[in-house]
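Everything on this sheet refers to the single structure shown next.
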Amino acid sequence: MDCRNTDIASSIVLDFETSDTDFLNGQIHSVYVSVINEDGEEIDSYENFCRSESFRLSSPKALFVNGIKNDVLFEGAHPLDVHLELKNFISKYPGVPIVAYNANFDFKFAFQGLFQAGDSEPYFWKKNRSIVCAHHLTRAQYMNDPTALNVPLVEGQLSFKQENIGAANGIFFPRHSAKGDVLTCRAIMNKIKKNSSDLIYKAEYFGKKANTLTFLHKARFIVAPCGWKNNFSVRCLVPLAFDSNESNFLALDIGMINPTDISMEEQYPPFSATYISSGLTKKSNRNFPFVKLPINQGMLFEDESMWKASEPSSGVDFETLCERAASARNDAQLNDIAERALIFDQN
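Here it is in structure tokens:
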């Protein structure tokens with residue numbers, strides 16, 4: 232006899248369809264929220280559609296892709312009212328993690344909506360709960376077990392887009408509709424949970440900034456998926472510096488380079504702060520030994536035990552990686568240059 236309480240919420244899966252990708256000037260046009268239990272079954276939901284409230288109509292491409300019809304465009308609910316209704320709906324489930332496929336994107340629209348509505352808690356999503364990014368979760372699954380989830384090649388490059396992951400794994404729901412995207416996200420999450428349930432818990436753990444910072448400081452070195460498309464790679468990294476808001480950190484790939492080989496004795500050393508900052512890009516060049524990564528935006532990290540997943544580290548043994556990690560952390564000059572490089576990059 233199954234004595235579990237299936238009414239207990241495990242996750243809140245959410246998706247917005249928006250007027251464009253600019254959260255400062257755009258708005259949501261539709262939202263679907265699915266509250267699910269431990270078995271992945273929906274126990275509650277919220278859905279709404281919003282009229283256009285900007286000074287001009289939404290992007291024609293966005294209207295076409297998202298299938299926004301005229302009756303919704305002119306007669307739907309006010310988007311700020313929907314943001315407040317959504318907050319009230321989510322408030323019924325305190326502490327339950329919020330899952331979105333591109334969580335950073337959806338959070339920005341939620342924050343801006345509550346801010347414009349004059350709500351006193353625009354950071355409501357992050358109050359005493361984790362935000363899980365399913366996009367980063369699929370990358371972490373690929374890092375842990377490349378065979379567990381089919382990650383397709385699109386134009387010769389790995390694609391972690393939800394629609395491509397869904398199609399490659401036999402998941403077909405209406406695309407670019409809030410409800411369809413939530414159902415696709417739930418199906419992808421179920422596949423990950425069946426293969427690697429621990430990843431879900433890790434995603435919830437790293438959804439809190441304090442946990443991420445503790446992990447980055449305690450691990451000898453970390454293993455993380457970096458970059459996108461043809462620049463995607465799994466790396467063994469040593470965090471060297473954090474920016475002023477502790478929103479990003481700069482790390483050295485110790486599989487790619489030995490910190491003791493970095494020359495900083497010349498008048499114009501090859502590894503200067505300006506050189507490092509010039510190589511930091513959002514796409515994270517897989518051939519560049521330094522990488523900047525965000526904190527608390529849904530990324531999952533592994534500790535040194537996952538070192539074999541890193542391609543640049545394939546020719547380096549574990550003991551050597553640990554020695555390199557210790558050298559990097561104890562090199563005051565290297566850490567100082569990394570801090571200045573972050574400042575240059577930030578400014």
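Per the working numbering: the sequence shown = residues 232 to 578. Beta carbons: idealized from backbone N, C-alpha and C, even for Gly.
Beta-carbon proximity check, residue i vs residue j, cutoff 8 Å
| i | j | result |
| --- | --- | --- |
| alanine 482 | valine 547 | no |
| threonine 408 | glycine 298 | The amino acid occupying residue 408 in the given sequence is serine; threonine does not appear at that position. Contact flag set, yes. |
| alanine 341 | isoleucine 419 | no |
| alanine 434 | valine 363 | yes |
| glutamine 372 | leucine 255 | no |
| serine 361 | proline 310 | no |
| serine 265 | arginine 417 | yes |
| alanine 504 | phenylalanine 403 | no |
| isoleucine 485 | leucine 552 | yes |
| phenylalanine 532 | phenylalanine 446 | yes |
Rounded separation between residue i and residue j - CA only
| i | j | result |
| --- | --- | --- |
| isoleucine 243 | glycine 326 | 10 Å |
| phenylalanine 336 | serine 261 | 14 Å |
| threonine 415 | phenylalanine 295 | 20 Å |
| histidine 314 | tryptophan 356 | 12 Å |
| serine 509 | phenylalanine 320 | 45 Å |
| valine 426 | asparagine 400 | It is worth fixing the name first, because residue 426 is asparagine in this sequence and not valine. Going by the C-alpha atoms only, they are around 14 Å apart. |
| alanine 563 | proline 490 | 12 Å |
| glutamine 388 | asparagine 381 | 13 Å |
| cysteine 234 | lysine 422 | With a pLDDT of only 47 at cysteine 234, under 50, the local geometry of the prediction cannot be trusted, and the value read off the model is given with reservation. Looking at the two C-alpha atoms, the distance is approximately 24 Å. |
| phenylalanine 247 | lysine 323 | 20 Å |
| tyrosine 263 | lysine 410 | 5 Å |
| alanine 240 | alanine 379 | 26 Å |
| glutamate 542 | histidine 367 | 19 Å |
| leucine 345 | proline 383 | 37 Å |
| methionine 487 | threonine 249 | 41 Å |
| arginine 568 | asparagine 561 | As written in the sequence, residue 568 is isoleucine, which differs from the arginine given in the question. So the alpha carbons of these two residues sit roughly 13 Å apart. |
| leucine 245 | serine 351 | 22 Å |
Of the residues the options, the one placed nearest residue i, counting alpha carbons only
| i | options | result |
| --- | --- | --- |
| glycine 458 | Met530, Gly411 and Ile431 | Met530 |
| proline 470 | Ile402, Thr551 and Glu570 | Glu570 |
| asparagine 268 | Val296, Asp238 and Asn256 | Asp238 |
| proline 520 | Pro501, Glu533 and Glu535 | Pro501 |
| leucine 573 | Gln347, Leu552 and Asp474 | Asp474 |
| serine 390 | Val330, Thr369 and Thr445 | Thr369 |
| aspartate 534 | Ala556, Asn518, Asn578 and Ser515 | Ala556 |
| glutamate 550 | Ser322, Leu345 and Cys467 | Cys467 |
| isoleucine 259 | Val382, Asn279, Pro328 and Gly438 | Asn279 |
| aspartate 253 | Lys323, Asp429, Ser290 and Val264 | Ser290 |
| aspartate 412 | Asp275, Asn333 and Ile493 | Asn333 |
| aspartate 275 | Leu317, Gly257, Asn527 and Ile493 | Leu317 |
| alanine 293 | Tyr263, Gly257 and Glu273 | Gly257 |
| asparagine 566 | Ile493, Tyr277, Ala331 and Lys358 | Ile493 |
| lysine 440 | Lys358, Asn518, Gly349 and Ala398 | Lys358 |
Cut-off 6 Å between Cβ atoms - residues of its own chain near residue i, not counting five sequence neighbours on either side
| i | result |
| --- | --- |
| methionine 374 | Pro456, Val465 and Ala540 |
| proline 525 | Asn479 |
| methionine 537 | Val454 |
| alanine 559 | Val469, Leu483 and Pro490 |
| glycine 438 | Ser361, Ile362 and Val363 |
| glutamine 528 | Asn335 |
| methionine 232 | A caution first: methionine 232 carries a pLDDT of 43, below 50, which makes its placement in the model too unreliable to give a value. |
Close Cβ partners of residue i (< 7 Å) along its chain, the five nearest in sequence each way excluded
| i | result |
| --- | --- |
| lysine 424 | Ile431 |
| tyrosine 436 | Asn442 |
| valine 385 | Asn395 |
| asparagine 578 | none |
| asparagine 461 | Gln388 |
| asparagine 516 | Asn462 and Gly510 |
| glutamine 347 | Leu311 |
Nonlocal neighbours in the same chain, by C-beta distance under 8 Å from residue i, ignoring five residues either side
| i | result |
| --- | --- |
| histidine 448 | Pro470 |
| tyrosine 277 | Val262, Tyr263, Val264, Glu316, Leu317 and Phe320 |
| aspartate 376 | Asn426 and Ser427 |
Can you find at least 3 beta carbon pairs, one from the stretch 392-406 and one from the stretch 444-452, that sit closer than 8 Å? With the cut-off at 8 Å, the stretch 392-406 and the stretch 444-452 do not touch.
Stretch-stretch touch, CB-based, cutoff 8 Å, three pairs: the stretch 300-313 with the stretch 272-283: Put simply, the stretch 300-313 touches the stretch 272-283. At least three CB pairs are less than 8 Å apart.
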